[in-house]
Every structure is written in structure tokens, then in C-alpha cells.
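Colleague:
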Amino acid sequence: MTAKKTYIQSFCSIQNNEIILNGETVFNTEPTVFSDFSKKAYQNFEMNYPKFFKMDSLSKLAFLGAEILLRKEIDATKENNIALLFANKSSSLDTDVKFQNSISDKENYYPSPAVFVYTLPNICLGEISIRHQLKSENSFFIFEAFNPVFMVNYANVLLNTKKAEKVLCGWVEYYNEEYKAFLYLVGTEGNTEHQKETVEKLYNK
176 MTAKKTYIQS
186 FCSIQNNEII
196 LNGETVFNTE
206 PTVFSDFSKK
216 AYQNFEMNYP
226 KFFKMDSLSK
236 LAFLGAEILL
246 RKEIDATKEN
256 NIALLFANKS
266 SSLDTDVKFQ
276 NSISDKENYY
286 PSPAVFVYTL
296 PNICLGEISI
306 RHQLKSENSF
316 FIFEAFNPVF
326 MVNYANVLLN
336 TKKAEKVLCG
346 WVEYYNEEYK
356 AFLYLVGTEG
366 NTEHQKETVE
376 KLYNK
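In terms of this note's numbering, the sequence shown opens at residue 176 and continues consecutively.
As C-alpha cells, then:
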């Protein structure tokens, strides 16, 4: 079977209190902590998903990026076969450290469920799937650094084997107030070919 060409249909990056969609700034704030920035972004895009405020920072970061890319892609009248392919470096370390600190305090030993409910990276995928009613393939990988070769190859396999009609690829890294999300949507139609060099260039912008 000859592999079909695949294309980057849209892309989004979130870092330094700014959200960029397809190369254009669509939201930014004055320098502030991530919790404040994410709340303002949620309000700006009128997301109407109260569970957002119960999420940890990693899940919020992934959710914001997915929301911006998928909100015009989803057709509520049919099943949307969009696979999720995410990765990062720190896994859920930021939340894990907070949880460890809470159980290390012998004077106040009672870890809050709010801290450890969202410790696993796949919670990011779960919330995105629930929000957009996705029942498709989803995976979350851990790499030392952003791995465009893996993303391109894995997404292309999903599309060429017809396990998905589109793939939302994402690098969502959050640790100790340092964060970066880079997400992009891949399909079998478009103008920008889905190649390692292109993905790398967009990631580094």
C-alpha cells in the first residue's frame, strides 16, 4: 500500500502568556502566573467547561490548545474520528512534587484529592476526549525533548491505516511555571505537507 501524503491543517502554540494560532497572536496578557493566564484565556474564548477549574496546570495547558484547534473541527451531528497523539518531558512531575510535599508535612498530613486526581498525563487526553466527544485512538509519550520524527511517523501510520481521519499532535510541557504547548492538526488534505522539517520549524517559532 502506497502511503498517502498528509498535511498540517492548523497549528497552535502557547507560551509566555501568549496563544498563537496559525502564526497569528489570538490572545495574550501581561506577564503573570499560569493559573491567572489560563483563567483569562478560558474566559476570553468562552469555553463553558466548569471542570476546567479542577484540572492541574498540565491538563489546562493541553485543554486550551486542543480547544482552540478543535472548536471549529467538531461536527456535533456525527462521530469525529480525530486521534490524539501527545508527548512531553516531565510527565506529571509538577503535580507529583506538590503531592509529595503535601504528604511530607507531618504536622498537616492530609493530602488533598484535588492534588493527586490529575497526576497522570492521560487525564489531559481524557478531558479533551470528553469535551469533544472523541472515541478515537489516543496516546501520551514521554521524551527527553520534542520528537518531530516520531510525531510525523506515528500520525502518518494512524492516517494511512485509516485508524483516524485526522490526528491532533501535541507537545505539552509544564513544570514549575515554565510551560510550552505546541499542537497541530494533521489530515489527508491541505497545502502544508506534514514533514519533520516543517514541524520542527513551526515548533521553534
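For each residue, glycine too, the CB sits at the ideal point set by N, CA and C.
Predicted, not measured: the structure shown is a model, and the values here were computed from it.
(1) One question on the structure: do L358 and L377 come within less than 8 Å of each other, judged by their Cβ atoms?
(2) Assign V208 to buried or exposed, taking buried as 16 or more other Cβ atoms, counted over all protein chains shown, within 10 Å of its Cβ.
(3) Please state whether the Cβ-Cβ distance between A381 and F316 is less than 8 Å.
(4) Does DSSP put A258 in a helix, a strand or coil?
(5) Return yes when the C-beta of G365 is under 7 Å from any heavy atom of the ligand GTP, and no when it is not.
(6) Do you know how far the Cα of Y182 is from the Cα of G365?
(7) Whose CA, out of E205, N379, N197 and R306, lies closest to the CA of T367?
(8) Give the secondary structure of Y182 by DSSP, where H, G and I count as helix, E and B as strand, and everything else as coil.
(9) Let me make sure I understand the geometry here. Which of H369, K264, D250 and N297 has the alpha-carbon closest to that of K355?
(10) Between the segment 190-205 and the segment 236-249, are three or more C-beta pairs nearer than 8 Å?
(11) So, with DSSP's three-state summary, where would you put G365?
(12) Let me confirm a value: F228 is counted as buried when at least 16 other C-beta atoms fall within 10 Å, else exposed. Which label applies?
Modeller: Short version:
(1) no
(2) exposed
(3) The shown model of the chain, from 176 to 380, leaves out residue 381, and the question about it has no answer.
(4) strand
(5) Within the structure as shown, the ligand GTP is missing, as the structure has no ligands at all.
(6) 5 Å
(7) N197
(8) strand
(9) K264
(10) yes
(11) coil
(12) exposed
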